[in-house]
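Peer 1: The following block contains the structure, expressed as structure tokens.
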Amino acid sequence: MIEARHLTRRYGSTVAVDALSFDVRPGSVTGFLGPNGSGKSTTMRLILGLDRCDAGQVRVGGRRYRDLRWPLREVGALLEARAFHPGRSARSHLAALAASNAIPRARVDEVLDLVGLTSAAGRRAGKFSLGMGQRLGVAAALLGDPAVLLLDEPVNGLDPEGVRWIRDLLKSLAAQGRTVFVSSHLISEMALTAERLVVIGRGRLLADTTVAELSAGSPSLEDAFFRLTSEAVEYQGNQAKETAS
Amino acid sequence: MTTTTEARVPNGHYGLAQAARMEWIKLRSLRSTWWTLLVTVAGTVGIGVAVGLNTRSAAGDVTNNALAGVVPGLLLTGVLGVLTMTSEYTSGTIRATVAAVPRRPLLLAAKAAVFGAVTLIVGEVASFIAFFAVGATLRDGVAAPTLGQPGVLRAVAVTGAGFCLIGLLGLGLGAIIRHSAAAVGVLVAGVYVAAQFIGFIAHGVASYMPILIVENSLSTTKPVTCGTDGAACPDFLSAWAGLGVLSLYAVIALTVGGWLLAQRDA
């Protein structure tokens, strides 16, 4: 369970996240949609306590992230950019994270196997392709077997097989009763993966709904999304969105 | 995978021990760590032996000459300290690290404990090897100092600790500045260059410059004094006072670094 209440973050005069309130419930995949620059990544960082919020608060499992007793056993996160040292092997990276939360060493090999990196585990992670880097990020997120998972653009850089693998993985994690919150700008992918949606634009909440409800009355989820965000698009190519409607 | 219940999360909470274990794995799993430490020891010993071979009489402080390689050697530990922190920002590892250990001052304390312990051991190894290597390679007619002579054991041991303290100063600067090149620049400027300038301009302050503390307080059997001509060069701190001042610098850098780490976005 993730509970955001009036979450606000400014960078200088820009309001990146503006009094955002939503709940992410366990048992289903919740997609986090919004145009580029709408504040998705910032919101993810606020949930994890990486950035400070200027107002409001966000709780994960009833606590602020900072107050979690074993953070990696309670929340697993995959962030947009790479979060590992290029000179360190995948196995050492995961072993270090496991040690920080007293996660048994055997779990490292388990998650490496789960994401299909066992044969590359001893290699320097700097040599990894984008897709392998994403898999390492997923392995780190699953390391503590957490009840809450946050994934920022998890299918970035994955091949079609990898995209399907992520989709099935997220669904199975949600089916086990976990809270799964996934940001993406790929609406078609969200239509296949998510049951619930949180849609934001310019840092504000536009919809907190189900995929079925949002797409009702529109030819596709994509059309519904454009209708919803047409007023709140920060960066837009000329005429680009006209052709969609 | 097990089912999702709160009961899966064990009692207690993470602390310094877990954070330190993570930092130890991170430090030892980078090849550059071991290369840097190896070169530190080799450089310290090699320069010491070269200076020892050029020592023509035992009238001066032969121990101080044997430890002459410490000054360049320290630079490597200082830079390694900087990079231990800044490489987390360069690579993005800091986000994974802070997500794993959200109490950031505790995180920096763990880093400092692990890095401090490693550089203390390496520093002592470098100091003692340099001392004995020089003792074995001195010219005929120059008597090798022994650890039993007054102040010699202290000079060698305290110099080893100097590696650790300059390393921790680097770690603190890395946490404050976050950018590798800038932090290395500040470290080198602060430790090496400033000492030269201030040594000329303000004699009274020169004895508090990190590198002059190492050269003239830590690595000597007795602090360098200028006798009656006090205006021309400063009296240097005693070995213990020098050690205290260096420790204070490291503590200040780490305290400011820990505070900033907690305030800023990761």
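Going down the list, the sequences are from chains A and B. Residue numbers in the first sequence follow this note's numbering, run continuously in steps of one, and reach 266 at the last position. Residue numbers in the second sequence follow this note's numbering, run continuously in steps of one, and reach 267 at the last position. Using N, Cα and C, we set each Cβ at its ideal position, and we do this for glycine too.
Nearest CA to the CA of ILE26 (chain B): which residue from A:GLY83, A:LEU172, A:ILE124, A:ALA116?
Peer 2: For this step, residue 26 (chain B) is matched to residue 25 along the second sequence. Residue A:ALA116 is the option with its Cα nearest to ILE26 (chain B).
Peer 1: Rounded to whole angstroms, what's the CA-CA distance from ARG237 (chain A) to LEU170 (chain A)? Just pull it up for me.
Peer 2: Position 216 of the first sequence, counted from the first residue, corresponds to residue 237 (chain A). Position 149 of the first sequence, counted from the first residue, corresponds to residue 170 (chain A). Just to set this straight, residue 237 (chain A) is Ala in the shown sequence, not Arg. In a straight line, the C-alpha of ALA237 (chain A) is about 28 Å away from that of LEU170 (chain A).
Peer 1: Closer than 9 Å, Cβ to Cβ, to anything on chain B: give me those residues from the stretch 101-121 of chain A, in chain order.
Peer 2: Residues ALA102, ARG103, ALA104, PHE105, HIS106, PRO107, GLY108, ARG109, SER110, ARG112, SER113, HIS114, ALA116, ALA117, LEU118, ALA119, ALA120, SER121.
Peer 1: Tell whether a beta-carbon distance below 8 Å holds between THR64 (chain B) and PRO11 (chain B).
Peer 2: For the purposes of this step, residue 64 (chain B) is taken as the residue at position 63 of the second sequence. For the purposes of this step, residue 11 (chain B) is taken as the residue at position 10 of the second sequence. Against a cut-off of 8 Å, the Cβ pair of PRO11 (chain B) and THR64 (chain B) comes out as no contact.
Peer 1: For a contact meaning CB atoms closer than 9 Å, what does PRO11 (chain B) contact in chain A?
Peer 2: Here residue 11 (chain B) corresponds to residue number 10 of the second sequence, with the count starting at 1. Ordered by position in chain A, the residues that pass the 9 Å Cβ test against PRO11 (chain B) are ARG90, TRP91, ARG94, ALA123.
Peer 1: Do you know how far the Cα of TRP241 (chain B) is from the Cα of ALA25 (chain A)?
Peer 2: As a working note, residue 25 (chain A) is residue 4 in the first sequence. As a working note, residue 241 (chain B) is residue 240 in the second sequence. When rounded, the distance between both Cα atoms is 54 Å.
Peer 1: Figure out for me which residue from B:LEU174, B:VAL192, B:ALA263 has the closest Cα to the Cα of MET86 (chain B).
Peer 2: If you number the second sequence from 1, residue 86 (chain B) lands on position 85. Taking only the C-alpha atoms, the option nearest MET86 (chain B) is B:LEU174.
Peer 1: Once DSSP output is grouped into helix, strand and coil, what is the label at GLY205 (chain B)?
Peer 2: To locate residue 205 (chain B), count along the second sequence from 1; it is residue 204. Helix, per DSSP.
Peer 1: Does the beta-carbon distance from THR230 (chain A) to PRO56 (chain A) come in below 8 Å?
Peer 2: For the purposes of this step, residue 230 (chain A) is taken as residue 209 along the first sequence, with counting starting at 1. For the purposes of this step, residue 56 (chain A) is taken as residue 35 along the first sequence, with counting starting at 1. It is not a contact, given that the beta carbons lie outside the stated cut-off.
Peer 1: So VAL102 (chain B) contacts chain A; which residues on that side make the cut at Cβ distance below 8 Å?
Peer 2: Stepping through the second sequence from its first residue, residue 102 (chain B) is reached at position 101. By Cβ distance, chain A contributes PRO92, SER121.
Peer 1: Can you pull the chain B residues whose beta carbon is under 7 Å from the beta carbon of ALA161 (chain A), in chain order?
Peer 2: As a working note, residue 161 (chain A) is residue 140 in the first sequence. Under the 7 Å cutoff, chain B gives ALA97.
Peer 1: In chain B, what lies closer than 7 Å to LEU69 (chain A) by C-beta?
Peer 2: Within the first sequence, the letter at position 48 stands for residue 69 (chain A). Per Cβ cutoff of 7 Å: ALA100.
Peer 1: Closer than 8 Å by C-beta to LEU41 (chain A): which residues in its own chain qualify, once you throw out the five before and the five after it? Chain order, please.
Peer 2: Here residue 41 (chain A) is taken as the residue at index 20 of the first sequence, counted from 1. Around LEU41 (chain A): ALA25, HIS27, LEU28, THR29, GLY60, THR64, GLY77, ILE221, GLY224, ARG225, LEU226.
Peer 1: At a CB-CB cut-off below 7 Å, which residues of chain A make contact with SER88 (chain B)?
Peer 2: As a working note, residue 88 (chain B) is residue 87 in the second sequence. Under the 7 Å cutoff, chain A gives HIS106.
Peer 1: Helix, strand or coil: which one does DSSP assign to VAL302 (chain B)?
Peer 2: Residue 302 (chain B) is absent from the model: chain B starts at 2 and stops at 267.
Peer 1: Cutting at 6 Å between CB atoms, please list the residues of its own chain near LEU69 (chain A), excluding the five before and the five after it.
Peer 2: Counting from one through the first sequence, the residue named residue 69 (chain A) turns up at place 48. Taken in chain order, the residues that qualify are TYR86, ALA98.
Peer 1: Look at PHE289 (chain A) and ILE208 (chain A) and say whether their C-beta atoms are less than 8 Å apart.
Peer 2: Since the first and last residues shown for chain A are 22 and 266, residue 289 (chain A) lies out of range.
Peer 1: Please classify GLY259 (chain B) as buried or exposed, where buried requires at least 16 neighbouring CB atoms within 10 angstroms.
Peer 2: Locating residue 259 (chain B) in the second sequence gives position 258, counting from the first residue. Looking at its Cβ environment, which holds 16 or more other Cβ atoms inside 10 Å, GLY259 (chain B) is buried.
Peer 1: With three or more C-beta pairs closer than 8 Å as the rule, is the stretch 134-154 of chain B touching the stretch 99-119 of chain B?
Peer 2: Contact fails: fewer than three Cβ-Cβ distances are below 8 Å.
Peer 1: Indicate the three-state DSSP secondary structure (helix, strand or coil) for GLN197 (chain A) in the structure shown.
Peer 2: By one-based count along the first sequence, residue 197 (chain A) stands at place 176. Of the three classes helix, strand and coil, the one that applies to GLN197 (chain A) here is coil, per DSSP.
Peer 1: Measure from the C-beta of MET31 (chain B) to each C-beta in chain A and report whether the shortest distance is under 8 Å.
Peer 2: Within the second sequence, residue 31 (chain B) is the residue found at index 30, counting from 1. Sequence inspection shows Leu at residue 31 (chain B); the Met mentioned does not correspond to that position. Closer than 8 Å: yes.
Peer 1: Answer yes if the stretch 155-163 of chain B comes into contact with the stretch 179-195 of chain B, meaning at least three C-beta pairs across the two stretches below 8 Å, and no otherwise.
Peer 2: Result no; under three Cβ-Cβ pairs closer than 8 Å.
Peer 1: Would you check if there are 3 or more beta carbon pairs closer than 8 Å linking the stretch 195-204 of chain A to the stretch 112-128 of chain A?
Peer 2: Verdict: no, contact absent.
Peer 1: Looking at C-alpha atoms only, which residue of A:ASP244, A:PHE202, A:PRO240 is the closest neighbour of GLY52 (chain A)?
Peer 2: Position 31 of the first sequence, counting from 1, holds the residue named residue 52 (chain A). Selected option, being the one with the closest Cα: A:PHE202.
Peer 1: Could you compute how far the alpha carbon of PRO107 (chain A) sits from the alpha carbon of LEU242 (chain A)?
Peer 2: Here residue 107 (chain A) corresponds to residue number 86 of the first sequence, with the count starting at 1. Here residue 242 (chain A) corresponds to residue number 221 of the first sequence, with the count starting at 1. Rounded to whole angstroms, PRO107 (chain A) to LEU242 (chain A) spans 39 Å at the Cα level.
Peer 1: Kindly list, in the order they appear in chain A, the residues whose Cβ is closer than 8 Å to that of THR221 (chain B).
Peer 2: Reading the second sequence from its first residue, position 220 is the one you call residue 221 (chain B). In chain order: nothing, as chain A lies at least about 39 Å away.
Peer 1: Using a C-beta to C-beta distance shorter than 9 Å, which residues of chain A count as neighbours of HIS14 (chain B)?
Peer 2: Position 13 of the second sequence holds residue 14 (chain B). Per Cβ cutoff of 9 Å: LEU89, ARG90, TRP91.
Peer 1: If you measure between the beta carbons of ASP266 (chain B) and ASP72 (chain A), is that distance less than 8 Å?
Peer 2: Your numbering for residue 266 (chain B) matches position 265 in the second sequence. Your numbering for residue 72 (chain A) matches position 51 in the first sequence. In contact: ASP266 (chain B) and ASP72 (chain A) (Cβ atoms closer than 8 Å).
Peer 1: What in chain B is Cβ-close to ARG73 (chain A), meaning under 9 Å?
Peer 2: As a first step, residue 73 (chain A) must be located in the first sequence, where it is residue number 52. Those are GLN264, ARG265, ASP266, listed as they occur along chain B.
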